[in-house]
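A.B. asks:
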Amino acid sequence: SALSGAASGARRRRTRCRRCQACTRSECGECHFCKDMKKFGGPGRMKQSCLLRQCTAPVLPHTAVCSACGEAGKEDTVDSEEEKFSLCLMECTICNEIIHPSCLKMGKAEGIINDEIPNCWECPKCHKEGKTSKVRAELYSTILYCTLADQRSHHREKLERFKRMCLLERRPESSSSSSSSSESDSESDSDNSLRGEQGGGSSPSSSSRLAPRSQVMKRSPPAVPSPPRPIQMERHLVRPPPACPEPSCLPLDCGSAHVITRDVWLRVFTYLSQTELCVCMRVCRTWSRWCCDKRLWTQIDLSRQRSITPPMLSGIIRRQPVSLNLGHTNISKKQLMWLINRLQGEELNVSGCAWPAVSALCQAVCPCLKLLDLSRVEDLKDTHLRELLLPPPDTRTAHGEGRAGRFQNLTELRLSGLDLSDSSSRLLVRYTPHLRRLDLSHCANVTDQTVLALTSPLSPLRDSLTHISLAGCSKLTEQSVLLLRRCPSLHTADLRCCQLLPPEAAQLLSFPPHTTSSSFSSSVDGTLLKNT
DNA sequence: AGTAACGTCTGT
DNA sequence: ACAGACGTTACT
């Protein structure tokens with residue numbers, strides 16, 4: 001009934017942009033939807049796109065035309081951003097009308113542009129009538145700010161409402177989690193240094209430094225009235241920011257442009273922390289768009305956040321970080337699945353998370369991943385690591401010898417503080433052959449056997465390893481030191497706190513650059529650490 | 001004509 | 001609330 005007056009025409013289906021990273025990649029062949037496809041042996045009933053190929057910027061179909069003048073988008077015929085906008089086709093999320101903004105005769109009323117989807121807005125007509133759509137682009141920036149920077153603010157309520165409306169579940173907090181956190185919590189209260197600081201005054205970079213906003217920008221529309229209908233986590237709700245978030249400068253009230261252009265602001269923004277960036281995003285819509293620039297978010301650190309919320313998840317996907325730290329959070333399996341299916345980052349930290357959640361990685365293929373931090377994952381055992389590293393079952397049988405592990409391109413793996421035995425070293429040798437850095441520190445059950453396997457002439461890690469940490473592996477003997485010398489590229493070995501080693505070996509050892517001499521293989525065992 | 005897959009409906 | 005099904009649209 002609420003919609004009846006709105007629809008001025010049938011809604012047009014959007015279609016792939018064919019240009020985004022997702023559109024240009026090939027089907028993974030392994031996700032739920034791929035497995036359904038006939039070409040991958042499925043029944044073909046679901047008719048959905050590969051999860052990794054879901055377009056991040058779906059466009060209006062080529063056949064779309066203006067409901068007023070009947071013509072297509074004409075933004076190509078002009079140069080200035082302003083003209084382009086007035087001649088492009090905009091689709092209203094409320095009434096579904098597609099129209100050239102220039103074909104609207106509306107006087108002052110303004111539309112609200114959705115930055116996340118091309119050619120998408122709430123048209124002036126609907127906005128004037130006070131209609132509201134399900135969710136608004138600004139809501140995301142606002143909420144990400146709340147969750148990252150200010151858990152206790154008055155926005156809390158809005159956030160809670162949002163959480164309730166989103167469908168993604170979270171892992172129940174209670175149960176057994178308390179016991180595990182007792183031992184390794186020494187660093188845990190450093191966490192509000194990054195976010196949630198309440199004017200602690202420790203850093204000179206509080207929001208006051210960002211003062212010049214006042215006269216310069218038009219504020220974005222006031223806070224969103226509560227959406228009446230529940231928000232669905234639609235497949236296309238989450239968008240990365242537009243490739244080039246125009247405009248390149250801010251208009252002043254007097255009509256001219258602010259002297260500081262976007263490029264300069266961006267350079268300023270690079271000096272800001274996550275929290276500060278989130279504050280900036282609330283200044284105005286333009287800043288909100290500028291601050292979403294991928295280059296400002298190469299690393300996202302949510303470690304030790306009390307909970308990972310759906311808005312955070314969408315915020316992460318929009319920003320496509322190279323490095324994502326989810327360490328010591330209570331992220332759920334479902335959430336992690338959702339993320340890894342939409343991320344192409346190179347570094348992932350899930351240290352201190354629970355194995356049931358981390359096991360989501362068993363259903364992913366992450367060829368881009370270079371660093372994986374699994375340190376202190378609760379209850380991670382040899383068998384679990386095996387599940388993680390082994391290739392997915394179907395490819396294992398399909399290609400016979402094509403036994404590429406799930407994380408075959410990892411160059412750094414952190415397994416600190418896990419209850420692993422020597423059998424895991426064989427997995428590493430086999431399925432992560434490009435490791436340069438390996439952290440096995442505080443794995444109490446690791447013995448010389450592990451070092452033997454890693455450094456054996458048949459192990460690709462023998463050549464690739466440059467850094468290894470075995471600190472606190474109390475079963476290691478001097479044998480390991482000898483074995484490590486077989487690694488030609490090894491630069492550093494951390495053997496601190498290894499109780500069975502003599503004091504001069506139980507240190508952070510530096511290895512001199514290996515001379516590629518001919519008699520390398522035979523001489524190794526004879527030369528000890530004495531010649532360092 | 002044929003393929004891909006969007007958006008919504010349906011049953012649980 | 002959610003997964004699965006499928007009519008239908010977009011495009012080649």
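Residue 508 in full-length UniProt numbering sits at position 508 of the first sequence, and the numbers go up by one each step. For every residue, glycine included, the Cβ atom is placed at its ideal position computed from N, Cα and C.
Tell me the rounded alpha-carbon separation between residue 274 and residue 299.
C.D. replies: Translated into the one-based positions of the first sequence, residue 274 becomes position 274. Translated into the one-based positions of the first sequence, residue 299 becomes position 299. One C-alpha to the other measures close to 9 Å.
A.B. asks: Answer yes if the stretch 451-466 comes into contact with the stretch 480-488, meaning at least three C-beta pairs across the two stretches below 8 Å, and no otherwise.
C.D. replies: Verdict: yes, contact present.
A.B. asks: Taking the alpha-carbon of residue 355 as reference, which of 492, 381, 346 has the nearest alpha-carbon?
C.D. replies: Counting from 1 along the first sequence, the entry for residue 355 is found at position 355. That would be 381, whose Cα lies nearest to the Cα of residue 355.
A.B. asks: For residue 462, which residues from the same chain have a beta carbon less than 8 Å from its beta carbon, with the 5 sequence-adjacent residues on both sides left out?
C.D. replies: Residue numbering aside, residue 462 sits at position 462 when the first sequence is read from its first letter. Hits under 8 Å: 454, 455, 456, 486, 487, 488.
A.B. asks: Can you check whether the CB of residue 440 is closer than 7 Å to the CB of residue 470?
C.D. replies: To locate residue 470, count along the first sequence from 1; it is residue 470. To locate residue 440, count along the first sequence from 1; it is residue 440. Cβ atoms of residue 470 and residue 440: closer than 7 Å.
A.B. asks: So is residue 62 buried or exposed if we call it buried at 16+ other beta carbons inside 10 Å?
C.D. replies: Position 62 of the first sequence, counted from the first residue, corresponds to residue 62. Looking at its Cβ environment, which holds fewer than 16 other Cβ atoms inside 10 Å, residue 62 is exposed.
A.B. asks: Give every residue of the same chain whose Cβ lies closer than 8 Å to the Cβ of residue 269, excluding the five residues on either side of it in the sequence, and list them in chain order.
C.D. replies: In the first sequence, counting from the first residue as 1, residue 269 sits at position 269. Counting only Cβ-Cβ distances below 8 Å, and skipping sequence neighbours, we find 277, 280, 290, 291, 293, 296.
A.B. asks: Is residue 23 near residue 14, with beta carbons less than 7 Å apart?
C.D. replies: Start at 1 with the first residue of the first sequence, and residue 23 comes out as number 23. Start at 1 with the first residue of the first sequence, and residue 14 comes out as number 14. It is not a contact, given that the beta carbons lie outside the stated cut-off.
A.B. asks: Residues in the same chain with beta-carbon distance under 7 Å from residue 183, minus the five sequence neighbours each way, listed in chain order, please.
C.D. replies: Indexing the first sequence from 1 puts residue 183 at position 183. Because residue 183 carries a pLDDT of 28, less than 50, the predicted location of this residue cannot be relied on, and no value is offered for it.
A.B. asks: State yes or no: is the C-beta of residue 414 within less than 7 Å of the C-beta of residue 379?
C.D. replies: Taking the first sequence and counting its residues from 1, the one referred to as residue 414 is at position 414. Taking the first sequence and counting its residues from 1, the one referred to as residue 379 is at position 379. No, these two residues do not count as a Cβ contact at 7 Å.
A.B. asks: Hey, could you find the ends of the beta strand (DSSP E) residue 22 is sitting in?
C.D. replies: Start at 1 with the first residue of the first sequence, and residue 22 comes out as number 22. From DSSP, residue 22 is part of no beta strand (DSSP E) but of the alpha helix (DSSP H) over 21-24.
A.B. asks: Whose CA, out of 302, 391, 321, 52, lies closest to the CA of residue 342?
C.D. replies: The count along the first sequence starts at 1 and reaches residue 342 at position 342. Measuring from the Cα of residue 342, the nearest candidate turns out to be 52.
A.B. asks: Consult DSSP for residue 90 and reduce its assignment to one of helix, strand or coil.
C.D. replies: For the purposes of this step, residue 90 is identified with residue 90 of the first sequence, where counting begins at 1. Three-state result, residue 90: strand.
A.B. asks: Can you tell which of 335, 260, 36 has its C-alpha closest to the C-alpha of residue 248?
C.D. replies: In the first sequence, the residue the question calls residue 248 occupies position 248. Checked all of 335, 260, 36; the closest Cα to residue 248 is 260.
A.B. asks: Is it the case that the stretch 324-335 contacts the stretch 343-353, given that we only count it when at least three CB pairs across the two stretches are under 8 Å?
C.D. replies: As far as the Cβ criterion goes, the stretch 343-353 touches the stretch 324-335, which means the pair count is three or higher.
A.B. asks: Quick one: what's got a C-beta closer than 7 Å to residue 55's C-beta in the same chain, skipping five residues either side?
C.D. replies: For the purposes of this step, residue 55 is taken as the residue at position 55 of the first sequence. Excluding positions up to five away in sequence, the list reads 16, 17, 20, 22, 23.
A.B. asks: Check whether the Cβ atoms of residue 121 and residue 130 sit closer than 7 Å, and answer yes or no.
C.D. replies: Here residue 121 refers to the residue found at position 121 of the first sequence. Here residue 130 refers to the residue found at position 130 of the first sequence. Taking 7 Å as the Cβ cut-off, residue 121 and residue 130 do not qualify as a contacting pair.
A.B. asks: What first and last residue would you give for the beta strand (DSSP E) that runs through residue 510?
C.D. replies: For the purposes of this step, residue 510 is identified with residue 510 of the first sequence, where counting begins at 1. Unbroken beta strand (DSSP E) run through residue 510: 508-510.
A.B. asks: Determine the closest residue to residue 283 out of 308, 361, 250, with distance taken between C-alpha atoms.
C.D. replies: As a first step, residue 283 must be located in the first sequence, where it is residue number 283. For the residues 308, 361, 250, the minimum Cα distance to residue 283 belongs to 250.
A.B. asks: What residue range does the alpha helix (DSSP H) around residue 276 cover?
C.D. replies: Counted from its first residue, the first sequence places residue 276 at position 276. 274-281 is the extent of the alpha helix (DSSP H) around residue 276.
A.B. asks: One question on the structure: do residue 69 and residue 50 come within less than 7 Å of each other, judged by their Cβ atoms?
C.D. replies: Position 69 of the first sequence, counted from the first residue, corresponds to residue 69. Position 50 of the first sequence, counted from the first residue, corresponds to residue 50. Contact: no.
A.B. asks: If you reduce the DSSP assignment to three classes, tell me which class residue 378 lands in.
C.D. replies: Here residue 378 refers to the residue found at position 378 when the first sequence is read from its first residue. Strand, per DSSP.
A.B. asks: Can you grab the Cα-Cα spacing for the pair residue 499 / residue 450, in whole Å?
C.D. replies: Taking the first residue of the first sequence as position 1, residue 499 is located at position 499. Taking the first residue of the first sequence as position 1, residue 450 is located at position 450. Those two C-alpha atoms are separated by around 17 Å.
A.B. asks: Should residue 46 go down as buried or exposed, given a rule of 16 or more other Cβ atoms within 10 Å for buried?
C.D. replies: By 1-based counting over the first sequence, the position of residue 46 is 46. Under this definition residue 46 is an exposed residue.
A.B. asks: Cβ of residue 365 within 7 Å of Cβ of residue 430?
C.D. replies: Here the question's residue 365 lines up with position 365 in the first sequence. Here the question's residue 430 lines up with position 430 in the first sequence. No, the Cβ-Cβ distance between residue 365 and residue 430 is not below 7 Å.
A.B. asks: Under 7 Å between the Cβ atoms of residue 375 and residue 417?
C.D. replies: What you label residue 375 is simply residue 375 of the first sequence in a count that begins at 1. What you label residue 417 is simply residue 417 of the first sequence in a count that begins at 1. Against a cut-off of 7 Å, the Cβ pair of residue 417 and residue 375 comes out as a contact.
A.B. asks: Suppose you measure from the CA of residue 448 to the CA of residue 477; what does that come to, to the nearest Å?
C.D. replies: Numbered from its first residue, the first sequence carries residue 448 at position 448. Numbered from its first residue, the first sequence carries residue 477 at position 477. Computed Cα separation, rounded: 7 Å.
A.B. asks: Is the separation between the beta-carbon of residue 89 and that of residue 98 shorter than 7 Å?
C.D. replies: In the first sequence, counting from the first residue as 1, residue 89 sits at position 89. In the first sequence, counting from the first residue as 1, residue 98 sits at position 98. Result yes, Cβ atoms of residue 89 and residue 98 sit closer than 7 Å.
A.B. asks: For the beta strand (DSSP E) holding residue 347, just list the boundary residues, first then last.
C.D. replies: As a position in the first sequence, residue 347 is number 347, starting the count at 1. Looking at the DSSP string, the run of the beta strand (DSSP E) that includes residue 347 is 347-349.
A.B. asks: May I ask you to report which of helix, strand or coil DSSP gives residue 331?
C.D. replies: As a working note, residue 331 is residue 331 in the first sequence. DSSP places residue 331 in coil when its eight states are reduced to three.
A.B. asks: Which residues does DSSP pair with residue 467 in a beta bridge?
C.D. replies: As a position in the first sequence, residue 467 is number 467, starting the count at 1. The partner list for residue 467 (beta bridge, DSSP) reads 437, 492.
A.B. asks: According to DSSP, residue 325 sits in a beta bridge with which residue or residues?
C.D. replies: As a working mapping, residue 325 is identified with position 325 in the first sequence. Bridge partners of residue 325: 301, 349.
A.B. asks: Would you say residue 123 and residue 92 are within 7 Å of each other, going by their C-beta atoms?
C.D. replies: The residue given as residue 123 occupies position 123 in the first sequence. The residue given as residue 92 occupies position 92 in the first sequence. Contact: yes.
A.B. asks: Roughly how far, in whole angstroms, is the beta-carbon of residue 420 from the beta-carbon of residue 385, given that I think they are within contact range, below 8 Å?
C.D. replies: Residue 420 sits at position 420 when you count from the first residue of the first sequence. Residue 385 sits at position 385 when you count from the first residue of the first sequence. Indeed they touch by this definition, with Cβ atoms about 7 Å apart.
A.B. asks: Taking the beta strand (DSSP E) that residue 414 belongs to, which residues open and close that run?
C.D. replies: Reading the first sequence from its first residue, position 414 is the one you call residue 414. Start and end: 412-414.
A.B. asks: For residue 257, does the three-state DSSP call read helix, strand or coil?
C.D. replies: Position 257 of the first sequence, counted from the start, is the residue given in the question as residue 257. Here residue 257 sits in strand by DSSP.
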